[in-house]
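This note's numbering puts the first residue of the first sequence at 13, with every later residue one more than the last.
Quick reminder that beta carbons are idealized off the backbone N, C-alpha and C, glycines included.
Keep in mind that this is a model prediction, so the values were computed, not measured.
Right, one structure below, let's go through it.
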Amino acid sequence: MPELPEVETTRRGIEPYLLDQSIKQVTVHQWQLRWAIPKQIKLLKDQQIHAVDRRGKYILIKTAIGQAIVHLGMSGSLRICTDKKQPKRKHDHVEMLLSNGALMRLHDPRRFGCLLWQAIDEPEHSLLSNLGPEPLLDDFDAGHLINATRKRKVPIKNLIMNSQIVVGVGNIYASEALFMARVRPGRAAGRVKHKECEALVASIKTILQRSIEQGGTTLRDFVNSDGEPGYFKQSLFVYGKAGEPCQQCGTTIKQLVLGQRSTFYCPSCQS
DNA sequence: ATCGCCTCCTGCGCGC
DNA sequence: TGCGCGCAGGAGGCGA
């Protein structure tokens, strides 16, 4: 489900409830997510939260003795519950009770997400150590993308969704950014010109930023930490619009599969 | 090194 | 109304 804007929306939503609080209780109802939750997650009990950060699509809950690493997978969400009587729902796998009385619940029907632990004295987790730059920071620039695309034969869409190249670009925003940059998603990455790489970097930044401002994209079930949907869906140009006229030129939007993922583009606007 | 395919899991919408 | 099917916002891991 969540791409970078949805994860950032979630992070911003939970941060005020978590920051400087201590964790009074960690309850795990379902240990088996994508990977089993390590038993050490219980070390969070009585720890104070120093920061709630994000790296790519990972949310990092930091304490003096280590950090919890949360990934929401396809269907995960973190919700804050301030009403104690709010019942636990099916697929609420983990609950963390905070010193301010708030309860944070990790909900994930498909269980593609994860909750991992990295002690302060351990090397950076391998899931984090091989990640590319943050798309909204300055080290993700045209030079970086040009360098990453040379001699690569993978479709450009697959390449921008590769977290070793740049983090946070998922299936929705990859199609949208390619539309904005007027580049067809199936082009071999190495055939994308320098100018087009520049446009693509700018598009990725613009689209992710705008989506964050709208609270992310809710297609089916994304909700923020308050349980509210995001509003960027109304700003989508191509994703999920196969058969509809392009908003720019009227040509019918096409759909194909790349890297096992549905992909959308305008055959007239994008070349 | 790079690429493409498979996999994990539940839920929902669609066509019959 | 019910059932089976295909598809879904991720991404590591594998074999070629």
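List the endpoints of the continuous alpha helix (DSSP H) containing residue i.
{"i": "S141", "result": "S138 to S141"}
{"i": "A211", "result": "H206 to E225"}
On the DSSP bridge assignment, give the partners of residue i in chain order.
{"i": "D65", "result": "L72"}
{"i": "M116", "result": "I92 and M108"}
{"i": "S274", "result": "V269"}
{"i": "C258", "result": "Bridge partners of C258: none, in fact."}
{"i": "L128", "result": "I81"}
{"i": "Y243", "result": "T229"}
{"i": "T264", "result": "P257"}
{"i": "Q60", "result": "S34"}
{"i": "A200", "result": "P167"}
Specify the secondary structure class of residue i as computed by DSSP and reduced to three states.
{"i": "M192", "result": "helix"}
{"i": "R164", "result": "coil"}
{"i": "T22", "result": "helix"}
{"i": "Y4", "result": "Missing from the structure shown is residue 4; the chain here goes from 13 to 283 and no further."}
{"i": "F249", "result": "coil"}
{"i": "Q176", "result": "coil"}
{"i": "Q44", "result": "strand"}
{"i": "Q52", "result": "helix"}
{"i": "N183", "result": "helix"}
{"i": "P135", "result": "coil"}
{"i": "P145", "result": "coil"}
{"i": "P17", "result": "helix"}
Can you give me the start and stop residues for the beta strand (DSSP E) that residue i sits inside?
{"i": "T39", "result": "I35 to V40"}
{"i": "L157", "result": "Unbroken run through L157 is the alpha helix (DSSP H), A154 to T161; no beta strand (DSSP E)."}
{"i": "V82", "result": "G78 to H83"}
Let's test the definition: count the other Cβ atoms within 10 Å of the Cβ of residue i and tell me whether it reaches 16, buried, or not, exposed.
{"i": "V269", "result": "exposed"}
{"i": "L16", "result": "buried"}
{"i": "R66", "result": "buried"}
{"i": "N142", "result": "exposed"}
{"i": "S283", "result": "exposed"}
{"i": "T229", "result": "buried"}
{"i": "H41", "result": "exposed"}
{"i": "K285", "result": "Past the edges of the chain, shown from 13 to 283, lies residue 285, and the structure says nothing about it."}
{"i": "Q176", "result": "exposed"}
{"i": "N170", "result": "buried"}
{"i": "C209", "result": "buried"}
{"i": "R162", "result": "exposed"}
{"i": "Q37", "result": "exposed"}
{"i": "H206", "result": "exposed"}
{"i": "P257", "result": "exposed"}
{"i": "G227", "result": "buried"}
{"i": "A63", "result": "exposed"}
{"i": "N296", "result": "This structure cannot settle anything about residue 296, because the visible part of the chain is limited to 13 through 283."}
{"i": "R101", "result": "exposed"}
{"i": "C278", "result": "buried"}
{"i": "P197", "result": "buried"}
{"i": "N236", "result": "buried"}
{"i": "W129", "result": "buried"}
{"i": "G78", "result": "buried"}
{"i": "R222", "result": "exposed"}
Taking 8 Å as the cut-off, is the beta-carbon of residue i closer than that to any non-hydrogen atom of the ligand GDP?
{"i": "F244", "result": "Absence of the ligand GDP from the depicted structure is noted, as is the absence of any ligand whatsoever, leaving it without description."}
Residue ranges of each beta strand (DSSP E) within the region 87-113, 3 or longer: Listed in chain order, the beta strand (DSSP E) runs fully inside the region 87-113 are 89-93 and 104-110, counting runs of at least 3 residues.
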